[in-house]
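Asks: My questions all concern the structure below.
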Amino acid sequence: MKVIKQKSGLPPGTMVYTGEEKTEKIKISYMDYNDGNFNEGLIENPDACRKYTKPDTVSWINVDGIHRTEIIEKIATCFGLHPLIMEDLVNIRQRPKLEDYGDYIYLVLRMLEFNEKDDEILSEQVSIIFGEGFVLSFQENEGDVFDIIRERIRSNKGKIRRMTSDYLVYSLIDSIIDNYFLILEKLSDKIEDLEEELLTNPSPETLLKIHQMKGAIIELRRSVWPLRELISNFQKMEKKNFSKDTAFYLRDVFDHTIQIIDTIETLRDILAGLTDIYLSTVSNRMNEVMKILTIIATIFIPLTFIVGVYGMNFKYMPELGWEYGYPMTWGIMIAVFLIMVLYFKRKKWF
Amino acid sequence: MKVIKQKSGLPPGTMVYTGEEKTEKIKISYMDYNDGNFNEGLIENPDACRKYTKPDTVSWINVDGIHRTEIIEKIATCFGLHPLIMEDLVNIRQRPKLEDYGDYIYLVLRMLEFNEKDDEILSEQVSIIFGEGFVLSFQENEGDVFDIIRERIRSNKGKIRRMTSDYLVYSLIDSIIDNYFLILEKLSDKIEDLEEELLTNPSPETLLKIHQMKGAIIELRRSVWPLRELISNFQKMEKKNFSKDTAFYLRDVFDHTIQIIDTIETLRDILAGLTDIYLSTVSNRMNEVMKILTIIATIFIPLTFIVGVYGMNFKYMPELGWEYGYPMTWGIMIAVFLIMVLYFKRKKWF
Amino acid sequence: MKVIKQKSGLPPGTMVYTGEEKTEKIKISYMDYNDGNFNEGLIENPDACRKYTKPDTVSWINVDGIHRTEIIEKIATCFGLHPLIMEDLVNIRQRPKLEDYGDYIYLVLRMLEFNEKDDEILSEQVSIIFGEGFVLSFQENEGDVFDIIRERIRSNKGKIRRMTSDYLVYSLIDSIIDNYFLILEKLSDKIEDLEEELLTNPSPETLLKIHQMKGAIIELRRSVWPLRELISNFQKMEKKNFSKDTAFYLRDVFDHTIQIIDTIETLRDILAGLTDIYLSTVSNRMNEVMKILTIIATIFIPLTFIVGVYGMNFKYMPELGWEYGYPMTWGIMIAVFLIMVLYFKRKKWF
Amino acid sequence: MKVIKQKSGLPPGTMVYTGEEKTEKIKISYMDYNDGNFNEGLIENPDACRKYTKPDTVSWINVDGIHRTEIIEKIATCFGLHPLIMEDLVNIRQRPKLEDYGDYIYLVLRMLEFNEKDDEILSEQVSIIFGEGFVLSFQENEGDVFDIIRERIRSNKGKIRRMTSDYLVYSLIDSIIDNYFLILEKLSDKIEDLEEELLTNPSPETLLKIHQMKGAIIELRRSVWPLRELISNFQKMEKKNFSKDTAFYLRDVFDHTIQIIDTIETLRDILAGLTDIYLSTVSNRMNEVMKILTIIATIFIPLTFIVGVYGMNFKYMPELGWEYGYPMTWGIMIAVFLIMVLYFKRKKWF
Amino acid sequence: MKVIKQKSGLPPGTMVYTGEEKTEKIKISYMDYNDGNFNEGLIENPDACRKYTKPDTVSWINVDGIHRTEIIEKIATCFGLHPLIMEDLVNIRQRPKLEDYGDYIYLVLRMLEFNEKDDEILSEQVSIIFGEGFVLSFQENEGDVFDIIRERIRSNKGKIRRMTSDYLVYSLIDSIIDNYFLILEKLSDKIEDLEEELLTNPSPETLLKIHQMKGAIIELRRSVWPLRELISNFQKMEKKNFSKDTAFYLRDVFDHTIQIIDTIETLRDILAGLTDIYLSTVSNRMNEVMKILTIIATIFIPLTFIVGVYGMNFKYMPELGWEYGYPMTWGIMIAVFLIMVLYFKRKKWF
């Protein structure tokens, strides 16, 4: 939930990397394909990116690491990107958005990972720029959810090699959103565990876990909500180089987004219900404690009074001299005890 | 509330069944009718589906069981369905939706059943594809709410045999929604029982039941809300082969949907109120317990102090030697007791 | 809040009465009027309804009782009503709605009555069908809020006899909505009583009454909310036989509806506030109880300890032999008592 | 919050005064002005109103008191007002609204006053009817927020004498809304006082005051919310006799309305927060009380047990005969006491 | 949260300063630039403002201090501003807004500062009026967030010197919104501290801090929400002297606004969660206290009763004479003690 913005006040278009410092090398890889041809490899020289975009193929250039702004700037420059995009590429706290710059379209998405140890969602920014025949993608770190797409391109599985660049972008979005389902699955498992824990062994830690879970749901929600409008705008875009079919696929992704939002809202409702149950369980426990205290005190305080009476040292106390005074006192005490027990039975206290 | 999605990352259009594993045979049945003719039977060969759709009749092909994707694929293929529909047919966690593919329309609905033992709603996905002269329906399991429609077709009751395929689809939707009313009825009975239980004998289990009931309502809501838009879009569709009259019937179904949503919201309000009453009942009980404890303790603690005083062993305690010391002490104690009782009476504690 | 729907699965247009069984006779009365003429009476033969609708008069046919579907069907048939209307006429759990069938318009309203004994709102369905020169109204029971309109027609008071059928319908709607004001008045009186009770003598019953009141408000809300859209649609309808002036009157009724909705929301807010106050009052009382217990226990427990000390039977306890041991002990105890009292005074406990 | 409607069932247009009974005389005053001329006075004869509206001046006729319907009717008649306006003029529980009747426009506003003694908002209905060259205003009582406008007209301050009647109406609305700011100021002062009281000396009365304050805010909200739409509609009206400039001024008033709504919502949020703080303060106090009780009881109950042991009268109790038995017992008791104190210290109870 | 409005009732356009009284001199500075030229300085004579606006340069005139209305009036007069703007310039409680007056545009923004000592947001009104070639800005106090823009103009950094006045206005808005990010950062740090405090050492003060934080968030929200619409309207404005490029930059600022609103809503959710955790922590503590009391009381009250029994002075009590009566009593007491301890162990109380 950290809000980071060290760049306050600089002229727009200034590239300032706003993430954690890193020393890893930035890795630039490319895939160039059409139905018949396929090439892939690493790009060592960021200035030379543009030569990979040929008229009759789709070129996907993926950049892992955005912490060295001078390299990102070189890549952006050879594609002639607007300075505001350059600024956004390295500013890692963006909301998902879609911006049409005419020749190319700029997309920001968030790729999520669920850290099961801390019940926390880790979020990585993925920027995608695409136009006729090329797709540029920028990620904060190596490792992503796109390997399955790479495999499909390599092995010419599905129709991806026969489609234009917008279909590749659709596939990337689809992978990211499919991954949200996996996270939702983990979250809903965790919430089921919490429900179990609440019924068998609630503790203050349970409430804390509910709170953490709520935080994770909020994080997920922030990443998913803007997608609704984003995909809907993508669908409505009419560019001459778009395949007609992509709209169908985007509608499918849109449905998934709605389904995820739906599930998120349901999980929120359930979590709110769990908080209520927790509080009422605590309240019930206190009630139990109070009942025990009250039963013990209510039974023994009068008895203690009775024995106190006959512990007095008055010279003239006739009962003390009676032969059956002691058993009679026991009789009274047992009677009081039984009346009390009956009273609590009738009150259904045990 | 399970979120299931094993198919993450596969190319779109890949058919992956996402439900529980099953071994039952898939049953494909058909009904072929117009005003004068009627045929029904089982289809053994899924490739041969298409031959049942004749120009002047309506053919309804119903498939019970979607766990064997190769069979579903064959059926879908002979009707020329889009790969995305094939994928959705076997993916059982869809939200109700309506998609127009030009020649045919694809509908997803959820058929619900109320499991009274666990106060839980079971949800089954029903996919309907229909075009001129044919209706395809896919269900997860055998057994549905459509028998009454089959009977009407067989016995030529009502106008169904004289109408086109869109009227059959309307009838299917109507059956599913009519069934929601039955579920609502059961839910509202259960909630009335809970209300009763809350007033006579509330226990932590009552709160749990309220929570379960809330979950059931949420499940129902998820199935019903999207219907509003779905039916409204269905109404607005203008296809040349639609009967003009169907629009009237869809308006009727739309009204029912609104009525169900209305009732769901009312039940939610009532359940929220029940939680409040439960919590305040618990609070009141604690109050009662505290009052009893306080009355007993407040009356006997001072009396015990008094008898303690005359239990001291000082050599020089004049009262101990008085002839009426003992009755006098009793007098004082009775006075203290009465003052206390009067005090609590005035405070209206009993 | 009962949800009733015994007709699940029947073909649309089937008339099934969904209310409680009754044996009363159905009463059909008519009023036929224009500026100069006026006739009224009972219709014995339901098939003959249509003959009362003459070209230059307005005929209002009112039916009290809808439990004998064959009679309702006859009436509906002679006016050529759509089967879906017939079905709705006898299905008593409809939401207020307005449907335009071309030649006639179908309206469903809910007439309410406040049962002061149980603090409960009783709701009766009123169906109105009207076209050029005729108004049909169907009610569940005899007795309604329209007598004042009948009187106005009979005595030619106001402009009603000079207006067309849509003005009569407006008058019926106006009567029903005026009646909502009376119910709101009773509800707000009851809520004021509850507020009073809460401040002087709150009990668990008070909370229950608040809950009941909330239920009544929800019931009222369900009847009023749809009116907003209904009347607005009525206003926008342009039929050649409508008086131009009716639109002004409908605007007035629309204002009343908004005002009622406004008041309902306010009453809900107030009731929510009352729940809060109730809970905090209970909490305060518990606080009071705890304070008394704590004061008594905190004062007497130490004193009882002191007298316990000198009740020990050790052979060698010098204090027991002192001549002023006993008064000294009293001195110590009084000192302890005073310190305690001062401490509670400073804590402002009494 | 009283809902009043004695007129239920009367024909529309019937004038029924719905306020409290009064005996004061109704006062009708007029102001007639243009840039060069100015006249003012009282109108004794309500039938003669119309003669004050001359072609080249603006006439403002103000009526204080609406409890004598026959007089109001006379005034309304000479301006040819619609019967529904007549009805509304004397029905004092209207919501703010704006209705265009072609030749004239009908406005209902609510003038508020804050009764500081009861922390209650008093609301008075102001009806304004205006057309070319005339403005009619009706108030329930004498005394209003318009004196400053009268002064401006008399002394020809500002541009009001050079403007048309719509500018005068704008000025009246502006005065009423400016007055809302004063009320908001008082309310926010009161809420600040409550915040103070909550921190220094909370009592059940504080909660009650919060509840009252909430009621006042709700009342204010009911008067202000409809203004948003009202003024926006006023702005959009295009009448040939409107000054072009008035739109600018209405935009200004619209901004004020938004600002008031904004502040109202903020105050509601703050009040909701105060309720939370109150409840948690009560809860904290109970905690304090419980701690004291627990400390005292936990320390003295074991000590009392120890002295009880040596108060037993067994013949064979060796300790009783020991020479140092008594001081040893004191030693044990002091040790127990210190252990307890240390335990509570570690728990940070004092 | 103070609501101030001393000007109630004055004619519109009257300038009344509504802030705190001040004695500082009003400082008027100017910057006049185009790509090649640059001038800056102080303006001593407010009437002479207009001479700084030359045809081919952009002139930015900044006024620090608005408490002397006669000076503000002079400046406004030489730019021919509408009286309503003059009134608004010195009325410091405006909501952010954008008004198009044809030749010039009037903007109100709020510049915020976070006072870390009191956890309070200080808000200052910034009014901007701009047209072709000039930008006027008015602030309440000296000191702002624009120094970085001034530096950029002076040193001709970025493209600002080559752009028109609307770009300068964009830069001012951007600076103000960038500053909101810094405030959000501080707020989220504070909230993290609160979260920490809640888990380690919660106290009533923690709740108060949460309440204060909520207040700050509300203040921030009031300043940011209207910006959404404001910037969107700015974007849609089409003026002939606007650079085409500014729209891109405004879209960027719009994104930032959405991001801020998003974060604000998240912080509100988190704060609401913290209140819940606080209340449940208090409740848990009470539970702990009650448990200790109950354990001690439940163990010792029965034991004290037993020793009381053998403290009675009956003549005929056989046990007192038994040789092993005393150790036997101890045995019973130890047994009771152990049973109690086992019972609490099984209840998992310690």
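Residue numbers (my numbering), protein chains in the order written: chain A, 52 to 401; chain B, 52 to 401; chain C, 52 to 401; chain D, 52 to 401; chain E, 52 to 401.
Glycine included, C-beta positions come from ideal geometry on N, C-alpha and C.
#1: Below 7 Å CB to CB, which residues in the same chain sit around D/I321 once its five sequence neighbours on both sides are set aside?
#2: I'd like the span of the alpha helix (DSSP H) that includes E/V358, first residue to last.
#3: Would you call the segment 271–281 of chain B and the segment 382–394 of chain B in contact, with 3 or more CB pairs under 8 Å?
#4: Taking the alpha-carbon positions, what's the E/Y84 to A/E124 distance?
#5: If you measure from the beta carbon of C/R336 to each beta carbon in chain B, is any gap under 8 Å?
#6: Output, in sequence order along the chain, the residues in the segment 286–299 of chain E whose CB is closer than 7 Å to any CB in chain A.
#7: Any idea what DSSP makes of C/S206, helix, strand or coil?
#8: Report the start-end ranges of each alpha helix (DSSP H) in the segment 112–148 of chain D that is 4 residues or longer and not cut off at the edges.
#9: Could you check which residue in A/T215, A/P253, A/N230 has the C-alpha nearest to that of A/K290?
#10: Please report whether the beta-carbon of B/T317 lies at a distance below 8 Å from any beta-carbon of chain C.
#11: For D/I309, collect the residues of the same chain with a Cβ closer than 8 Å to its Cβ; drop the 5 residues on either side in sequence, then sort them by chain order.
#12: Pull out every residue of the segment 366–397 of chain A whose Cβ sits closer than 7 Å to any Cβ of chain B, in chain order.
#13: Can the beta-carbon of B/Y377 be found closer than 8 Å to that of A/M368?
#14: Below 8 Å between beta carbons: does that hold for D/F299 and E/H133?
#15: I'd like to check one pair, D/I383 with C/I352: are the Cβ atoms closer than 8 Å?
#16: Would you report the Cα separation of B/V109 and B/Y155, rounded to the nearest angstrom?
#17: Between which residues of its own chain and E/E248 is the CB-CB distance below 7 Å, once the five residues before and five after are set aside?
#18: Taking the C-alpha atoms as reference points, what is the distance between D/K76 and D/G70?
#19: By Cβ distance, which residues of its chain are closer than 6 Å to D/R203, with the 5 residues on each side in sequence left out?
#20: Does the Cβ-Cβ distance between A/M82 and A/E95 come in under 8 Å?
#21: If distances are taken between C-alpha atoms only, which option among C/D225, C/L301, C/K287, C/F185 comes closest to C/P106?
#22: Could you say which of E/S206, E/E164, E/V333 lies nearest to E/I227 if we only look at CA atoms?
#23: Can you pull the chain A residues whose beta carbon is under 7 Å from the beta carbon of B/G131, in chain order?
#24: Look up B/D151 in the DSSP assignment and say whether it is helix, strand or coil.
#25: Hey, A/A267 and A/D170: beta-carbon distance below 8 Å or not?
#26: Using beta-carbon positions only, say whether D/V340 and D/I224 come within less than 8 Å of one another.
#27: Got a sec, what are the start and stop residues for the beta strand (DSSP E) C/L238 sits in?
#28: Could you tell me which chain E residues have their CB closer than 8 Å to the CB of D/V360, listed as they occur along the chain?
#29: For D/Q190 and D/V114, which I take to be in contact (beta-carbon distance under 8 Å), what is that distance rounded to the nearest angstrom?
#30: By the DSSP assignment, the beta strand (DSSP E) with E/I180 in it spans what residues?
#31: From E/A323 to B/R273, what distance separates their C-alpha atoms?
#32: DSSP has E/D198 in a bridge; who is on the other side?
#33: Is C/R203 close to chain D, meaning its C-beta is less than 8 Å from at least one C-beta of that chain?
#34: Tell me the rounded alpha-carbon separation between D/R146 and D/M162.
#35: Given this structure, state the Cα-to-Cα distance separating C/M264 from C/L238, to the nearest angstrom.
#36: Within 10 Å of its beta-carbon, does B/E372 have 16 or more other beta-carbons around it, so buried, or fewer, so exposed?
Replies: Inspection of the coordinates gives the following:
#1: Walking along the fourth sequence from the start, residue 321 of chain D turns up at place 270. Once the five neighbours on either side are set aside, the close Cβ partners of D/I321 are I242.
#2: Taking the first residue of the fifth sequence as position 1, residue 358 of chain E is located at position 307. Run containing E/V358: 297–360, per the alpha helix (DSSP H) assignment.
#3: Remark: fewer than three beta-carbon pairs, one from each stretch, lie closer than 8 Å, so the segment 271–281 of chain B and the segment 382–394 of chain B are not flagged as touching.
#4: Position 33 of the fifth sequence, counted from the first residue, corresponds to residue 84 of chain E. Position 73 of the first sequence, counted from the first residue, corresponds to residue 124 of chain A. If you take the alpha carbons of E/Y84 and A/E124, they lie about 30 Å apart.
#5: Along the third sequence, read from residue 1 onward, the residue named residue 336 of chain C stands at position 285. The beta carbon of C/R336 sits closer than 8 Å to some beta carbon of chain B.
#6: Within the segment 286–299 of chain E, the qualifying residues are F299.
#7: Counting from one through the third sequence, the residue named residue 206 of chain C turns up at place 155. In this structure, C/S206 counts as coil in the three-state DSSP scheme.
#8: Along the segment 112–148 of chain D, the alpha helix (DSSP H) occurs as fully enclosed runs of 4 or more residues at 120–129, 134–140, listed in sequence order.
#9: For the purposes of this step, residue 290 of chain A is taken as residue 239 along the first sequence, with counting starting at 1. Among A/T215, A/P253, A/N230, the Cα nearest to that of A/K290 belongs to A/T215.
#10: Counted from its first residue, the second sequence places residue 317 of chain B at position 266. It does: the Cβ of B/T317 has a partner Cβ on chain C nearer than 8 Å.
#11: Taking the first residue of the fourth sequence as position 1, residue 309 of chain D is located at position 258. Closer than 8 Å at the Cβ level, and outside the excluded window around D/I309, lie R279.
#12: Correct list: K366, Y367, M368.
#13: On the second sequence, residue 377 of chain B is found 326 positions in, with the first residue counted as 1. On the first sequence, residue 368 of chain A is found 317 positions in, with the first residue counted as 1. At the C-beta level, B/Y377 and A/M368 come within 8 Å of one another.
#14: Counted from its first residue, the fourth sequence places residue 299 of chain D at position 248. Counted from its first residue, the fifth sequence places residue 133 of chain E at position 82. Cβ atoms of D/F299 and E/H133: closer than 8 Å.
#15: As a working mapping, residue 352 of chain C is identified with position 301 in the third sequence. As a working mapping, residue 383 of chain D is identified with position 332 in the fourth sequence. Contact flag unset, no.
#16: For the purposes of this step, residue 109 of chain B is taken as the residue at position 58 of the second sequence. For the purposes of this step, residue 155 of chain B is taken as the residue at position 104 of the second sequence. For B/V109 and B/Y155, the distance between alpha carbons rounds to 14 Å.
#17: Looking up residue 248 of chain E in the fifth sequence gives position 197. T257.
#18: Taking the fourth sequence and counting its residues from 1, the one referred to as residue 76 of chain D is at position 25. Taking the fourth sequence and counting its residues from 1, the one referred to as residue 70 of chain D is at position 19. Roughly 15 Å between the two C-alpha positions.
#19: As a position in the fourth sequence, residue 203 of chain D is number 152, starting the count at 1. Hits under 6 Å: G209, I211.
#20: In the first sequence, counting from the first residue as 1, residue 82 of chain A sits at position 31. In the first sequence, counting from the first residue as 1, residue 95 of chain A sits at position 44. No; because the gap between Cβ atoms is not below 8 Å, this pair is not in contact.
#21: Stepping through the third sequence from its first residue, residue 106 of chain C is reached at position 55. Of the listed residues, the one whose Cα sits closest to C/P106 is C/F185.
#22: On the fifth sequence, residue 227 of chain E is found 176 positions in, with the first residue counted as 1. Considering only E/S206, E/E164, E/V333, the residue with the shortest C-alpha distance to E/I227 is E/E164.
#23: On the second sequence, position 80 is the one that residue 131 of chain B refers to. Scanning chain A for C-beta atoms nearer than 7 Å to the C-beta of B/G131 yields nothing, as the closest lies near 14 Å away.
#24: Sequence index remark: in the second sequence, residue 151 of chain B carries index 100 (1-based). Per DSSP, reduced to three states, the secondary structure at B/D151 is strand.
#25: Here residue 267 of chain A is taken as the residue at index 216 of the first sequence, counted from 1. Here residue 170 of chain A is taken as the residue at index 119 of the first sequence, counted from 1. Yes, the Cβ-Cβ distance between A/A267 and A/D170 is below 8 Å.
#26: On the fourth sequence, position 289 is the one that residue 340 of chain D refers to. On the fourth sequence, position 173 is the one that residue 224 of chain D refers to. Cβ distance not < 8 Å, so D/V340 and D/I224 don't count as in contact.
#27: The residue given as residue 238 of chain C occupies position 187 in the third sequence. No beta strand (DSSP E) holds C/L238; the alpha helix (DSSP H) holding it covers 216–251.
#28: As a position in the fourth sequence, residue 360 of chain D is number 309, starting the count at 1. The contact set of D/V360 on chain E, defined by CB atoms closer than 8 Å, consists of V358 in chain order.
#29: Stepping through the fourth sequence from its first residue, residue 190 of chain D is reached at position 139. Stepping through the fourth sequence from its first residue, residue 114 of chain D is reached at position 63. Right, the Cβ-Cβ distance comes to about 7 Å (below 8 Å), so this counts as a contact.
#30: For the purposes of this step, residue 180 of chain E is taken as the residue at position 129 of the fifth sequence. Segment 171–182, the beta strand (DSSP E) holding E/I180.
#31: Taking the fifth sequence and counting its residues from 1, the one referred to as residue 323 of chain E is at position 272. Taking the second sequence and counting its residues from 1, the one referred to as residue 273 of chain B is at position 222. So the two alpha carbons sit approximately 26 Å from each other.
#32: Reading the fifth sequence from its first residue, position 147 is the one you call residue 198 of chain E. E/D198 pairs with nothing; no bridge assigned.
#33: Your numbering for residue 203 of chain C matches position 152 in the third sequence. Output row for C/R203: interface = yes.
#34: As a first step, residue 146 of chain D is located in the fourth sequence; it is residue number 95 there, counting from the start. As a first step, residue 162 of chain D is located in the fourth sequence; it is residue number 111 there, counting from the start. Between D/R146 and D/M162, the C-alpha separation is close to 12 Å.
#35: Counted from its first residue, the third sequence places residue 264 of chain C at position 213. Counted from its first residue, the third sequence places residue 238 of chain C at position 187. Straight-line Cα distance between these residues: approximately 8 Å.
#36: Position 321 of the second sequence, counting from 1, holds the residue named residue 372 of chain B. The displayed chain sequence assigns Gly, not Glu, to residue 372 of chain B. Label assigned to B/G372: exposed.
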